[in-house]
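Reading through the structure tokens given below for one structure.
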Amino acid sequence: MTDSKKKKKIVVTFDKNLKGKVIEALGYSEDKDDCLVDIKNPTQRAISPDGLEVSVDMFAGAKKGSLLLYNSDLPSLIKFSDKLSLEK
Amino acid sequence: MSLADKIFDLFQHKGSLINVNVLHVTNPTFNVEQVNLVNGNPGDSSPIVINPSKKSIDVNINALKPNAQEKLLKKIIQSMGDDVDAIVENNSYEVMEAVKKGERTGPIRDVLNELRGCLPDGDMPILRASLLLRSAFVSGEKIGGKTAKDLKDDIRFRYGDRGNKIANMCTAGYFETLMIPCLKILKSSGKSEHEIKKELNFIIEESAFALFVHSHMKENDVCEKAKAKIESNKKAGKPYLNVHGIGSKNVMLVQGLKPVIKAQYSNANFEENSVAEYINLKITFLTHKKIDSLA
Numbered sequence: 008m009t010d011s012k013k014k015k016k017i018v019v020t021f022d023k024n025l026k027g028k029v030i031e032a033l034g035y036s037e038d039k040d041d042c043l044v045d046i047k048n049p050t051q052r053a054i055s056p057d058g059l060e061v062s063v064d065m066f067a068g069a070k071k072g073s074l075l076l077y078n079s080d081l082p083s084l085i086k087f088s089d090k091l092s093l094e095k
Numbered sequence: 211m212s213l214a215d216k217i218f219d220l221f222q223h224k225g226s227l228i229n230v231n232v233l234h235v236t237n238p239t240f241n242v243e244q245v246n247l248v249n250g251n252p253g254d255s256s257p258i259v260i261n262p263s264k265k266s267i268d269v270n271i272n273a274l275k276p277n278a279q280e281k282l283l284k285k286i287i288q289s290m291g292d293d294v295d296a297i298v299e300n301n302s303y304e305v306m307e308a309v310k311k312g313e314r315t316g317p318i319r320d321v322l323n324e325l326r327g328c329l330p331d332g333d334m335p336i337l338r339a340s341l342l343l344r345s346a347f348v349s350g351e352k353i354g355g356k357t358a359k360d361l362k363d364d365i366r367f368r369y370g371d372r373g374n375k376i377a378n379m380c381t382a383g384y385f386e387t388l389m390i391p392c393l394k395i396l397k398s399s400g401k402s403e404h405e406i407k408k409e410l411n412f413i414i415e416e417s418a419f420a421l422f423v424h425s426h427m428k429e430n431d432v433c434e435k436a437k438a439k440i441e442s443n444k445k446a447g448k449p450y451l452n453v454h455g456i457g458s459k460n461v462m463l464v465q466g467l468k469p470v471i472k473a474q475y476s477n478a479n480f481e482e483n484s485v486a487e488y489i490n491l492k493i494t495f496l497t498h499k500k501i502d503s504l505a
């Protein structure tokens, strides 16, 4: 199949005030320091591809695969953007 | 079943899952590439809006009852192993789109193409971020809810002093007016890749004999730093100083520098270039009985 015939993957966007629901649906909750933790393993903090912790406030979204969570600072979003672009 | 099909299927279950009894929902005739979950009116009788030109659909999640909202989100997350690539908060997505759009065309693409592989290791991501920051400065508009200051704080927080230097140089246009011309000269003079990177690193680290006024500086700091910089530039054989300021407060600080410098250096001349909330004050002064002109 040529690139032009490949079906584009869907990107889902959500309003900021739906963030809590999305985080929960992804299987995360927050600990006492506002960092995202695995609901099934609350001592396990979520780590972004840059090795940074992800807080509720900074959570920008998630990428498929081994479910990578990204922060919303500009350098993180550029990397997130690169990951999406590479596969399109 | 694609995510779009799953969504439309969910909205067929009136009564148990949907807040209203009468729904106006039409399936799209295109391959959906973007699903926007919006926080709309719970009594919305048209909870799915189709945007053919963008190949997207807007889904008002509030039109679903709470248990159905949960169901919808679970379907989306499950689809991430299938036809969904990512789920992104819409402000963040706007930033990502701005990055992609900016780098596809125009001056940002040109700068990146010129400097790719030539900047010191680790500087390219900083430059990419800085070029977006500059777009925000120039337009004066927020990108994904972030002001230019927010974007600069992101750079400074992640990349520290190095990020600050590159962001300042980029915003002042130094990559086009100094770095790229310098790179071309170095390349044509036969310098090795290592030597070129070393030289560009020096320019960034020394901020090319310029003073960048930032919002944490007070009037006295600006004056003292300008005088110190003038003296160090003189010793380096550079009879000038470029002072840059961004934002109304910094513009005033830079303008306030003129009488102070004139009092100390009677032979100083000023050339002011200001646009909106940006100023570049070029100070030249006599050395060795002549004024060297600036490029």
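Going down the list, the sequences are from chains A and B. Take the first sequence: its letter number 86 is residue 93 in my numbering, and every next letter is one higher. Take the second sequence: its letter number 72 is residue 282 in my numbering, and every next letter is one higher. Glycine included, C-beta positions come from ideal geometry on N, C-alpha and C.
**Request:** List the residues of chain A whose Cβ lies closer than 9 angstroms to the Cβ of P335 (chain B), in chain order.
**Result:** The residue labelled residue 335 (chain B) in the question sits at position 125 within the second sequence. At a C-beta separation below 9 angstroms, P335 (chain B) has these neighbours in chain A: P82, I85, K86.
**Message:** How far does the beta strand (DSSP E) with Y35 (chain A) in it extend, from its first residue to its last?
**Reply:** One-based indexing of the first sequence puts residue 35 (chain A) at position 28. Residue range 35-37 is occupied by the beta strand (DSSP E) that includes Y35 (chain A).
**Request:** For A69 (chain A), return the contacting residues in chain B, with the cut-off set at a CB-CB distance below 7 angstroms.
**Result:** If you number the first sequence from 1, residue 69 (chain A) lands on position 62. Around A69 (chain A), the beta-carbon contacts reaching into chain B at under 7 angstroms are A296, I297.
**Prompt:** Can you give, in chain order, each stretch of the beta strand (DSSP E) that sits fully within the region 411-497 of chain B and has at least 3 residues?
**Reply:** List check, beta strand (DSSP E) in window: 420-423, 450-456, 479-485, 488-494.
**Residues from the region 16-49 of chain A in contact with chain B, defined by Cβ distance under 9 angstroms** = Here the close residues are K16, I17, V18, V19, T20, F21, D22, K23, N24, L25, K26, K28, V29, E31, A32, L33, G34.
**Request:** Please classify V348 (chain B): does DSSP put it in a helix, a strand, or coil?
**Result:** The residue labelled residue 348 (chain B) in the question sits at position 138 within the second sequence. Looking at V348 (chain B) - three-state DSSP - the assignment turns out to be helix.
**Asked** Grouping DSSP H, G and I as helix and E and B as strand, with all else coil, what is I365 (chain B)?
**Response** Within the second sequence, numbered from 1, the residue matching residue 365 (chain B) stands at position 155. Note: I365 (chain B) maps to helix in three-state DSSP.
**Item:** Beta-ladder partner(s) of R319 (chain B), from DSSP
**Value:** Position 109 of the second sequence, counting from 1, holds the residue named residue 319 (chain B). For R319 (chain B), which the question treats as bridged, DSSP gives no partner whatsoever.
**Asked** Are K284 (chain B) and A69 (chain A) closer than 7 angstroms when you measure CB to CB?
**Response** On the second sequence, position 74 is the one that residue 284 (chain B) refers to. On the first sequence, position 62 is the one that residue 69 (chain A) refers to. No.
**Asked** Start and end of the alpha helix (DSSP H) containing E31 (chain A)?
**Response** Stepping through the first sequence from its first residue, residue 31 (chain A) is reached at position 24. Counting along the chain, the unbroken alpha helix (DSSP H) around E31 (chain A) starts and ends at 26-32.
**Prompt:** Going along the region 463-476 of chain B in order, which residues come within less than 7 angstroms of chain A, judged by CB to CB distance?
**Reply:** Nothing from the region 463-476 of chain B brings a Cβ to less than 7 angstroms from some Cβ of chain A.
**Prompt:** From the beta carbon of S79 (chain A), is the nearest beta carbon of chain B less than 7 angstroms away?
**Reply:** Working through the first sequence from its first residue, we reach residue 79 (chain A) at position 72. It does: the Cβ of S79 (chain A) has a partner Cβ on chain B nearer than 7 angstroms.
**Asked** Start and end of the alpha helix (DSSP H) containing S266 (chain B)?
**Response** Here residue 266 (chain B) refers to the residue found at position 56 when the second sequence is read from its first residue. No alpha helix (DSSP H) holds S266 (chain B); the beta strand (DSSP E) holding it covers 266-270.
**Prompt:** How many angstroms separate the CA atom of V321 (chain B) from the CA atom of I390 (chain B)?
**Reply:** Sequence index remark: in the second sequence, residue 321 (chain B) carries index 111 (1-based). Sequence index remark: in the second sequence, residue 390 (chain B) carries index 180 (1-based). Straight-line measurement puts the Cα of I390 (chain B) at about 8 angstroms from the Cα of V321 (chain B).
**Message:** Using beta carbons (cut-off 7 angstroms, strictly below), is E441 (chain B) in contact with chain A?
**Reply:** Position 231 of the second sequence holds residue 441 (chain B). It does not; no Cβ of chain A falls within 7 angstroms.
**Request:** Would you tell me roughly how many angstroms separate the C-alpha atoms of F1 (chain A) and P330 (chain B), rounded to the nearest one?
**Result:** For chain A, the structure presents residues 8 to 95; residue 1 (chain A) sits outside this window and is missing.
**Message:** Strictly under 7 angstroms for the Cβ-Cβ distance: is V269 (chain B) near chain A by that measure?
**Reply:** The residue you call residue 269 (chain B) lines up with position 59 of the second sequence. At a cut-off of 7 angstroms between C-beta atoms, V269 (chain B) does not count as an interface residue with respect to chain A.
**Request:** Please list the partners that S302 (chain B) has in chain A, where partner means a Cβ-to-Cβ separation under 7 angstroms.
**Result:** Translated into positions along the second sequence, residue 302 (chain B) becomes position 92. What S302 (chain B) touches in chain A: A67, G68, S79, L84.
**Prompt:** Roughly how many angstroms separate the alpha carbons of A446 (chain B) and Q51 (chain A), rounded to a whole number?
**Reply:** Locating residue 446 (chain B) in the second sequence gives position 236, counting from the first residue. Locating residue 51 (chain A) in the first sequence gives position 44, counting from the first residue. For the pair A446 (chain B) and Q51 (chain A), the Cα-to-Cα distance works out to about 54 angstroms.
**Message:** Could you check whether the region 353-364 of chain B touches the region 275-295 of chain B, counting it as contact only if at least three pairs of C-beta atoms, one from each stretch, sit closer than 8 angstroms?
**Reply:** No, they do not touch.
**Message:** Going by beta-carbon coordinates alone, are L76 (chain A) and V63 (chain A) separated by less than 7 angstroms?
**Reply:** Translated into positions along the first sequence, residue 76 (chain A) becomes position 69. Translated into positions along the first sequence, residue 63 (chain A) becomes position 56. Going by C-beta atoms, L76 (chain A) is not nearer than 7 angstroms to V63 (chain A).
**Prompt:** Which one of B:N241, B:V248, B:N490, B:V242 has the shortest CA to CA distance from T381 (chain B)?
**Reply:** The residue labelled residue 381 (chain B) in the question sits at position 171 within the second sequence. Taking only the C-alpha atoms, the option nearest T381 (chain B) is B:N490.
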